[in-house]
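Visitor:
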Amino acid sequence: MYLFECEYGSRIKEREFVKGVLNNFDKDYATMVGAVVNNNPYCLEFSIIVNLQGNPVIFEKWLRENYPEKMRRHNVFLENTFSFNMLTFIDEAMVDSAFCDESGFLFHWPEREYLESKHPQYKSMKKNESKVFISHSSKDKEFIVNPLNAYLQAESIGTWLDSYEIDYGDSIYIKVNEGIENANVGIFILTDNFFDSSSGWPINEFSSFFMEMMKSKKRSL
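So in my numbering, the last one in the sequence shown is 229, and the numbering has no gaps at all.
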C-alpha cells in the first residue's frame, strides 16, 4: 500500500495524479485508488492511497518518471485510516466531484484560495518586507537600538533587526547578507561600541552595505 501525503487546502492539483493512476494501471493491479481525509480543523490531513496487487516495480518506475516529488508517508497503514473520511475512486468523474474547491462530502472545508477569496478576513497575517537594515553593536541594543526599532515599527516601517531575523541554527553570515541585499536604507549606530575591535560584525556589515550601495540606490544614515 502506498500512502501519499497531500495538501488539504490545495487538493484540486491532485486530480491529475489520481487520474493518471486510474488510466495507467488496471483494477487487477491497482486494486484500490482512494483518498483519506481528516477534517479536524486543528489537524487537517489529506492523503491518497494506492493499493497494489503484485510486483510494485512497474508502479515505482511510473512514479519516478512522472511524479518524482510525491511524498510517501512511512509507517502509516490501512488500519490507521479507518476513523477518517475515505473514498475509493472508480472513474475520473468521481475524482472531479471529490476534489473541488468548495466544501463537500469528502472535504468539509473549502480550498484555501477559495476560502480566502470569499472571506478576506481569513487570510493569514502578512509580514511586511524589511526595508531598513539596522546595524549596531549588541552593547547598544537595550538603550538605543530597541527604542529606535520600536519607533520605526510604530510608524509601520519594516526593519531588519538580528533579534527577530536570525533563528537558532541559521547562518549569521547568510542572514545578514540577505538583510543587506533586500534593504533600501541602512541605519548604523556609530558609537564607541560599534568600532570596538573585539566585535567584527558591525564593521563587516558597514563594509557590505556600502559595497551594495555602490551597485544600487541604497541609502545609509
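Glycine residues also receive a C-beta, built at the ideal position from the N, C-alpha and C atoms.
(1) Please list the terminal residues of the continuous alpha helix (DSSP H) segment that includes residue 133.
(2) For residue 27, which of 41, 203, 83, 9 has the nearest alpha-carbon?
(3) Of all the alpha helix (DSSP H) runs that stay within the bounds of the region 114-176, which reach a length of 4 or more residues?
(4) Would you kindly check if the distance between the Cβ of residue 54 and the Cβ of residue 80 is under 8 Å?
(5) If you draw a straight line from the alpha carbon of residue 98 to that of residue 50, how long is it in whole angstroms?
(6) What are the start and end residues of the alpha helix (DSSP H) that includes residue 83?
(7) Between the region 104-122 and the region 163-174, do at least 3 Cβ pairs fall closer than 8 Å?
(8) Rounding to the nearest angstrom, what Cα-Cα distance links residue 96 and residue 78 in this structure?
(9) Could you tell me which of 104, 100, 217 sits nearest to residue 193, measuring between CA atoms?
(10) Taking the C-alpha atoms as reference points, what is the distance between residue 198 and residue 223?
(11) Are the CB atoms of residue 140 and residue 195 nearer to each other than 8 Å?
(12) Opposite residue 95 in the DSSP bridges: which residues?
Guide: Straight from the coordinates:
(1) Residue 133 sits at position 125 when you count from the first residue of the sequence shown. Unbroken run through residue 133: none, as it is neither H nor E.
(2) Start at 1 with the first residue of the sequence shown, and residue 27 comes out as number 19. Considering only alpha carbons, the answer is 41.
(3) With a minimum length of 4 residues, the continuous alpha helix (DSSP H) runs that stay inside the region 114-176 are 120-126, 154-162, 170-173.
(4) Within the sequence shown, the letter at position 72 stands for residue 80. Within the sequence shown, the letter at position 46 stands for residue 54. Contact check for residue 80 against residue 54 fails: the beta carbons are separated by 8 Å or more.
(5) As a first step, residue 98 must be located in the sequence shown, where it is residue number 90. As a first step, residue 50 must be located in the sequence shown, where it is residue number 42. Going by the C-alpha atoms only, they are around 31 Å apart.
(6) Residue numbering aside, residue 83 sits at position 75 when the sequence shown is read from its first letter. In the DSSP assignment, residue 83 falls outside any alpha helix (DSSP H), carrying neither H nor E.
(7) Taking one beta carbon from each stretch, the region 104-122 and the region 163-174 have fewer than 3 pairs nearer than 8 Å; the two do not touch.
(8) Translated into positions along the sequence shown, residue 96 becomes position 88. Translated into positions along the sequence shown, residue 78 becomes position 70. The alpha-carbon of residue 96 is positioned some 20 Å away from that of residue 78.
(9) Locating residue 193 in the sequence shown gives position 185, counting from the first residue. When only C-alpha atoms are compared, the closest one is 217.
(10) On the sequence shown, position 190 is the one that residue 198 refers to. On the sequence shown, position 215 is the one that residue 223 refers to. Roughly 23 Å between the two C-alpha positions.
(11) The residue labelled residue 140 in the question sits at position 132 within the sequence shown. The residue labelled residue 195 in the question sits at position 187 within the sequence shown. Yes, Cβ-Cβ distance for residue 140 and residue 195 is below 8 Å.
(12) On the sequence shown, residue 95 is found 87 positions in, with the first residue counted as 1. Paired residues: 43.
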